Amino acid sequence: MDDKRLVRPFSLYLVTHAELEEEPLFEPLHPYQELKEQQVEYIDSDLSPPEKVQRAVDCLPLQRTLDDLKSGFHRWTILDYSRAYTSGKITPRMVADRFIVAARESSNPPLQMSFFINYDVEDILRQATESTHRYEKGEPISVLDGVPIAIKDEIDCSPYPTTGGTKWLHKLRTCTGDACCVMRLRLCGAILVGKTNMHELGAGTSGINPHYGVTRNPYETGRISGGSSSGSAALVSAGLCPVALGVDGGGSVRLPASLCGVVGFKPTFGRIPHAGVLPLNWTVGMVGVLAGTVEDAFIVYAATNGQLPSQQSTILPIVEVTIPEIEVMRLAHYVTIGSECSTSLSSYLQKLNFAELGWDARVALSVYGAFSGKDYIKAQKIRNRQMKFHRNIFAKADVIVVPTTGVTAYPVKNDVLETGELDYINGAALVRYQIAGNFLGLPAVTVPVGYDKAGMPIGIQFIGKPWSEATLIHIAIAMQALRISDCRKPKVFYDLLNKEE
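Heads up: the sequence shown begins at 0 in numbering that gives the first Met the number 0, then just goes up one per residue.
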């Protein structure tokens, strides 16, 4: 038996030996259409990011005030930061100082949360000082001015290298400037506070990185945060930032958001430009937003892109749907994401000593490298077939409602950094409901809805028609409103707007 047969999971023969009439579909591109969504305002795409942010704020329902949070636990929002700065009681520089203290404390024993791969104190303070001066002059750029936002280390953001969670990739691929989505946030005045931890090469679901540490769940530090956008989800949950950016190639925004009890939003394929993002999986990976509230995810989505829905409640009937060949789709996605990752890294891997990779990444790349061009073509035929299935479903349903993950956050083993995780049973359960969003390029959002018996967060996911971000945000805000009083404070949490400090 040859080496490829040794590392090829038997179940993948559902893909590799499939006989399909469909043509291969190499990207999940959907013809653009302005859907007939209720109470939606379409704006000029030529508006600047700050102008789009203001239009988004104008669409939001009446927000809480800083002193209206005494009943239960709430995370501070973008508008809370903006109002605090405008009042003059708190400045962006004060928040930056508190952020740095929190980042250092959470990174060291006894917590060792491993939220970050890199953050630059001088750069953070420079941005915060500039923002403070703008508020002192009464000239903030937008409500995002002075708001701390973290960036997954799969997205280019100056002055940091982009490691992809490795110890070597940034040495071979130089970061020359901001990704498009980061540049738009910077134009709005946001303080970009650093690069967050991630599963190595995005090739896993736990958020356990052998080089930069285990990103721990703020609700219970002995449990996983989920991945691969682990640091982004966990630090939002812990209050260090109201918002962070991630990349979602197989649930990598929605999955950790669900496990950490925050919101995760992935738009339609092509909605947010991919320029400046590591091309690890270019047809299934999409920039997404992790936030404490749906409103904050909406504001950052507006900054990084365009169409803005207004907020109105809507009652929708419930219908049952059946998605054919789900397991085949999952395997086809695996072949696709693996083939694209292996191909995008091939020139680097030829120069690499595999000892520089963690065990999980070594195993993943070995499997990925076994996929043939024929396997990839068949996976794209399955993509085309699933696009047809889902068009039929969306002819009678506006959204598909599913759990975000098949399991909640599970414990971190003591020797995981030395031996790797390789927990493919839990890994498969974590991504079970994520695949359609990536493989078919569909928009999706996860919202926290409760907790399991151990007190770990549970998320519900809404998957929408192409270009239906407005409907998803309507529904997500309504769901958030139903359970906002039940929101629990994580065991690890930092209050950066506490006026008494």
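Virtual Cβ for every residue (Gly too), placed ideally from N, Cα, C. Remember, it's a predicted structure, so these values are computed and weren't measured experimentally.
1. So what's Asn216 in DSSP terms, helix, strand or just coil?
2. If I measure Cβ to Cβ from Gly284 and keep anything under 6 Å in the same chain, skipping five residues before and after, which residues do I get?
3. Among the residues of its own chain, which have a CB less than 7 Å from the CB of Asn497, if the five just before and after it don't count?
4. Whole angstroms is fine: what's the gap from Ser20's alpha carbon to Tyr423's?
5. Three or more beta-carbon pairs under 8 Å between the segment 287-296 and the segment 154-165, yes or no?
6. Evaluate the contact criterion for the segment 142-159 versus the segment 212-226: three or more CB pairs, one atom per stretch, below 8 Å.
7. If you draw a straight line from the C-alpha of Leu68 to the C-alpha of Trp75, how long is it?
8. What's the gap between the Cα of Thr367 and the Cα of Leu421?
9. Okay, do the segment 401-419 and the segment 431-444 touch, 3+ Cβ pairs below 8 Å being the bar?
10. Can you tell me whether DSSP reads Met285 as helix, strand or coil?
11. Which term fits His389, buried or exposed, when burial requires 16 or more other beta carbons within 10 angstroms of its beta carbon?
12. Between the Cα of Asn391 and those of Cys58, Lys464, Ala369, spot the shortest distance and give me the residue it belongs to.
13. Mapping the DSSP letters down to three states, classify Val398 as helix, strand or coil.
14. Would you call Pro209 buried or exposed, if buried means 16 or more other Cβ atoms sit within 10 Å of its Cβ?
15. Does the beta-carbon of His519 have 16 or more other beta-carbons within 10 angstroms, so that it is buried, or is it exposed?
16. If I follow the unbroken beta strand (DSSP E) through Thr267, where does it start and stop?
17. Suppose contacts are defined by Cβ-Cβ distances below 7 Å. Is Gly203 in contact with Gly226 by that definition?
18. Grab the span of the alpha helix (DSSP H) containing Gln32 for me, first residue to last.
19. Determine the DSSP secondary structure at Arg172, reduced to helix, strand or coil.
20. Ignore the nearest five residues each way along the sequence and tell me which others in Lys490's own chain have a CB closer than 8 Å to its CB.
21. Taking the alpha-carbon positions, what's the Val14 to Glu22 distance?
22. Quick check on DSSP: helix, strand or coil for Gly436?
23. For the candidate residues Ser228, Cys179, Gln460, whose alpha-carbon lies nearest to that of Pro48?
24. If we count the other Cβ atoms within 10 Å of its Cβ and call it buried at 16 or more, is Ser205 buried or exposed?
25. Under a Cβ-count criterion, where at least 16 other Cβ atoms within 10 Å of its own Cβ denotes burial, should Ile399 be classed as buried or exposed?
26. Using three-state DSSP, classify Lys194 as helix, strand or coil.
Let's see:
1. Position 217 of the sequence shown holds residue 216. Here Asn216 carries a strand assignment [DSSP, helix/strand/coil].
2. The residue given as residue 284 occupies position 285 in the sequence shown. Same-chain partners within the cutoff: Val246, Gly248.
3. On the sequence shown, position 498 is the one that residue 497 refers to. Closer than 7 Å at the Cβ level, and outside the excluded window around Asn497, lies no residue.
4. Locating residue 20 in the sequence shown gives position 21, where the first residue counts as 1. Locating residue 423 in the sequence shown gives position 424, where the first residue counts as 1. Here the sequence assigns Glu to residue 20, which means Ser is not the residue at that position. For Glu20 and Tyr423, the distance between alpha carbons rounds to 32 Å.
5. Short answer: they don't touch.
6. These segments do not touch.
7. On the sequence shown, residue 68 is found 69 positions in, with the first residue counted as 1. On the sequence shown, residue 75 is found 76 positions in, with the first residue counted as 1. Because the pLDDT of Leu68 is 47, which lies under 50, any placement of that residue in the model is unreliable, and the question is left without a value.
8. For this step, residue 367 is matched to residue 368 along the sequence shown. For this step, residue 421 is matched to residue 422 along the sequence shown. In the sequence under discussion, the amino acid at residue 367 is Tyr, which differs from the Thr named in the question. Rounded to the nearest whole angstrom, the CA to CA distance from Tyr367 to Leu421 is 15 Å.
9. Yes, the segment 401-419 touches the segment 431-444.
10. By 1-based counting over the sequence shown, the position of residue 285 is 286. Shown here, Met285 sits in a strand according to DSSP, grouped into three states.
11. The residue labelled residue 389 in the question sits at position 390 within the sequence shown. Label assigned to His389: buried.
12. Here the question's residue 391 lines up with position 392 in the sequence shown. Nearest of Cys58, Lys464, Ala369 to Asn391, Cα basis: Lys464.
13. Numbered from 1 along the sequence shown, position 399 holds the residue referred to as residue 398. Val398: strand per DSSP, three-state reduction.
14. For the purposes of this step, residue 209 is taken as the residue at position 210 of the sequence shown. Residue burial is scored here from C-beta neighbours: Pro209 has at least 16 other C-beta atoms within 10 angstroms and is therefore classed as buried.
15. Because the chain is modelled from 0 through 500, residue 519 falls outside the range shown and cannot be assessed.
16. Position 268 of the sequence shown, counted from the start, is the residue given in the question as residue 267. Element bounds for Thr267: n/a, residue is neither H nor E.
17. Looking up residue 203 in the sequence shown gives position 204. Looking up residue 226 in the sequence shown gives position 227. Yes, they are a contact pair.
18. Within the sequence shown, residue 32 is the residue found at index 33, counting from 1. Gln32 -> no alpha helix (DSSP H), and no H or E assigned at all.
19. By 1-based counting over the sequence shown, the position of residue 172 is 173. Here Arg172 sits in coil by DSSP.
20. The count along the sequence shown starts at 1 and reaches residue 490 at position 491. Within the same chain, Cβ atoms closer than 8 Å to the Cβ of Lys490 are found at Pro217, Tyr218, Glu219, Thr220, the five residues on either side in sequence being excluded.
21. The count along the sequence shown starts at 1 and reaches residue 14 at position 15. The count along the sequence shown starts at 1 and reaches residue 22 at position 23. Rounded to whole angstroms, Val14 to Glu22 spans 14 Å at the Cα level.
22. Counted from its first residue, the sequence shown places residue 436 at position 437. Assignment of Gly436 by DSSP, reduced to helix, strand and coil, places it in the helix class.
23. Translated into the one-based positions of the sequence shown, residue 48 becomes position 49. If we check each option's Cα against that of Pro48, Cys179 comes out closest.
24. The residue given as residue 205 occupies position 206 in the sequence shown. Buried, because 16 or more other Cβ atoms sit within 10 Å of the Cβ of Ser205.
25. In the sequence shown, counting from the first residue as 1, residue 399 sits at position 400. Ile399 should be labelled buried.
26. Here residue 194 refers to the residue found at position 195 of the sequence shown. Here Lys194 sits in strand by DSSP.
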